[in-house]
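Notes follow the structure.
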Amino acid sequence: MSGRQDRIENFFSAPNNINMLQSNFCDEILPPLLNIASSSRPSYRLLEAIIQIPSSSHLPDHPCCRFVIAVLNQWATVWFELLRQAMGELVSAVLDVIESEMDDTDEDRNMAESIGSQCVVLLTNWWMKSHRSQAADDLLQDRALILQVMQLGGLVGKPCPKEWSHVDNNRKKRGIMVDSDESE
Numbered sequence: 063m064s065g066r067q068d069r070i071e072n073f074f075s076a077p078n079n080i081n082m083l084q085s086n087f088c089d090e091i092l093p094p095l096l097n098i099a100s101s102s103r104p105s106y107r108l109l110e111a112i113i114q115i116p117s118s119s120h121l122p123d124h125p126c127c128r129f130v131i132a133v134l135n136q137w138a139t140v141w142f143e144l145l146r147q148a149m150g151e152l153v154s155a156v157l158d159v160i161e162s163e164m165d166d167t168d169e170d171r172n173m174a175e176s177i178g179s180q181c182v183v184l185l186t187n188w189w190m191k192s193h194r195s196q197a198a199d200d201l202l203q204d205r206a207l208i209l210q211v212m213q214l215g216g217l218v219g220k221p222c223p224k225e226w227s228h229v230d231n232n233r234k235k236r237g238i239m240v241d242s243d244e245s246e
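For the sequence shown, our numbering assigns the number 246 to the last residue and increments by one with no breaks.
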């Protein structure tokens, strides 16, 4: 299965596999799963599936969370631009569902909120666990992405680290032009 994008996406996207990994994830399966996941390019579908593996009850040191952080590190090293693109697509799609007022069922909205919450928590943990690694920092330099992640965090009640707000505060302020009293 290693290196086969479609099979890897299908494996990690299967609800039964997600449920099994959430309940039975242990350190012993981390290396082979990491090998499988990191042999595939990051995509919207694969990122969405992998982010769902840790449940909201898992602490940051749980093997599920460590697995996702390890996958993010691998992808950021090998396929940074694809990871940035997939993350942007995922965050944008989740925001669209959460913010839409029609066309989505409560189930869709609940799923989007769950994925959004996990996304913000895992990105925060990745940034913190990677000791503010260059890869995580580089991803956070994408102003449009970080603003969307911060917006998502606000909508799902998961605050982002205060250090991330520098992206929003780096806008140049315009000087105020005072009318001159001098006449021509």
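Here a beta-carbon is modelled for each residue, glycine too, at the ideal position from N, C-alpha and C.
- request: Please state whether DSSP places C181 in a helix, a strand or coil.
  value: Position 119 of the sequence shown, counting from 1, holds the residue named residue 181. Correct three-state label for C181: helix.
Straight-line Cα distance separating F87 from D123: Taking the sequence shown and counting its residues from 1, the one referred to as residue 123 is at position 61. Taking the sequence shown and counting its residues from 1, the one referred to as residue 87 is at position 25. Between D123 and F87, the C-alpha separation is close to 12 Å.
message: Rounded to the nearest angstrom, what separates P221 and E143 at their Cα positions?
response: Indexing the sequence shown from 1 puts residue 221 at position 159. Indexing the sequence shown from 1 puts residue 143 at position 81. Whole-angstrom Cα-Cα distance: 25 Å.
message: Check for me: the alpha helix (DSSP H) holding C222 runs from which residue to which?
response: Against the sequence shown, residue 222 aligns to sequence position 160. Segment: none, C222 is in no alpha helix (DSSP H) and carries neither H nor E.
field: CB of P104 within 7 Å of CB of A148, strictly
entry: Position 42 of the sequence shown holds residue 104. Position 86 of the sequence shown holds residue 148. Yes; because the gap between Cβ atoms is below 7 Å, this pair is in contact.
query: Between which two residues does the alpha helix (DSSP H) harbouring E90 extend?
result: Your numbering for residue 90 matches position 28 in the sequence shown. Premise fails: E90 is in no alpha helix (DSSP H) and is neither H nor E.
field: Cβ separation of V159 and Q210, assumed to be a contact under 8 Å, to the nearest whole Å
entry: On the sequence shown, residue 159 is found 97 positions in, with the first residue counted as 1. On the sequence shown, residue 210 is found 148 positions in, with the first residue counted as 1. Actually they do not touch by this definition, with Cβ atoms about 13 Å apart.
Residue environment, K191, which counts as buried when at least 16 other CB atoms sit within 10 Å: For the purposes of this step, residue 191 is taken as residue 129 along the sequence shown, with counting starting at 1. Its Cβ being crowded by 16 or more others within 10 Å, K191 is buried.
message: Using C-beta distances below 7 Å, list every residue in its chain close to W141, excluding the 5 sequence neighbours before and after it, in chain order.
response: Looking up residue 141 in the sequence shown gives position 79. Once the five neighbours on either side are set aside, the close Cβ partners of W141 are R103, P104.
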